[in-house]
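Each remark here refers to the structure printed beneath this line.
In the working numbering, the protein residues as written are 1069 to 1314.
What follows is the structure, encoded as structure tokens:
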């Protein structure tokens, strides 16, 4: 069965896009077929992976606004993407008052899901129209959280949103909370321990804070294309194995 995983947190800067890009690449390296969905109106995931917007036949706006069948862009043989578009923000204004619109992504994915082992959805830093759409379409959720800042404080809010969606999507579950941007500071260790004590399930893998991540993003590459032997790549390779076993 295909796992459809939303990567969400209503806080920005916690590593959602970095995780979507690099977890997808890590799973593809394990011979899994992956579809990435850039569902953030800022289109950061597409930028992160260097998607050539002028070469696209389709993007997420065509899928959501025009109800087109998904025709993904091939990054690699088994790593594909539904690219983002800054004009996606208009969809929230147009559809937010329509109950049926909150299953648009679910309907779009239905015809293509069986072609993939994993679908990873990069969500915006909010719990609004797009994130709820993604949750309605998903089987699993990953919540990245930075343990050395205020980002850890809103974790329960995200969990409450998942619980509410379970009323209409009883397939969905929290796959795990993911500790990101770990710098090894004492305060970070204390907050990480608190998260592990109070917010299970939590992935054993911790994504440490390495310069390779912003470098890769600037170059439009995954960490495996930029620094494949780095500890940064090893962290996401470890996470991919946990996700496969989850």
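Every residue, glycine too, gets a C-beta built ideally from N, C-alpha and C.
By the 16-neighbour rule on beta-carbons within 10 angstroms, residue 1236 is exposed. Taking C-beta atoms as the reference points, residue 1197 and residue 1164 count as a pair closer than 8 Å.
Rounded to whole angstroms, the Cβ separation of residue 1077 and residue 1084 is 6 Å, and the two are in contact under 8 Å. Taken in chain order, the whole beta strand (DSSP E) runs of length 3 or more contained in the stretch 1208-1289 are 1208-1213, 1241-1250 and 1270-1276. Straight across, the Cα-Cα distance linking residue 1126 with residue 1133 is about 12 Å. The Cβ-Cβ distance between residue 1105 and residue 1190 falls below 8 Å. About 6 Å separates the Cβ atoms of residue 1075 and residue 1188, confirming a contact at the 8 Å cut-off.
Contact between the stretch 1110-1117 and the stretch 1281-1299 is present: 3 or more CB-CB pairs across the two stretches fall below 8 Å. Taking all protein chains shown into account, residue 1303 has 16 or more neighbouring C-beta atoms within 10 Å of its C-beta and is therefore buried. Of the residues assessed, residue 1079 falls on the buried side of the cut-off, its CB having 16 or more other CB atoms within 10 angstroms. Between residue 1202 and residue 1154, the CB-CB gap reaches or exceeds 8 Å. DSSP places residue 1075 in the strand class (E or B) of the three-state scheme. Here DSSP, grouped into helix, strand and coil, assigns residue 1082 to coil. For residue 1122, there is no enclosing beta strand (DSSP E), as DSSP marks it with neither H nor E. Nearest to residue 1093 by alpha-carbon distance, out of 1208, 1171, 1149 and 1247, is 1149. Distances from the alpha-carbon of residue 1144 to those of 1276, 1101, 1108 and 1261 put 1101 closest.
Residue 1213 is positioned such that its CB atom lies closer than 8 Å to that of residue 1223. For residue 1098, the secondary structure class from DSSP, reduced to helix, strand or coil, is coil. Only residues of its own chain outside the window of five on either side were considered, and among them 1072, 1074 and 1240 have a CB closer than 6 Å to the CB of residue 1206, listed in chain order. With respect to the C-alpha of residue 1070, the residue from 1182, 1305 and 1271 having the closest C-alpha is 1182. Residues 1091, 1094, 1095 and 1098 of the same chain have their beta carbon placed closer than 7 Å to that of residue 1308, with the five preceding and five following residues left out of the count.
The alpha-carbon of residue 1124 is positioned some 11 Å away from that of residue 1130.
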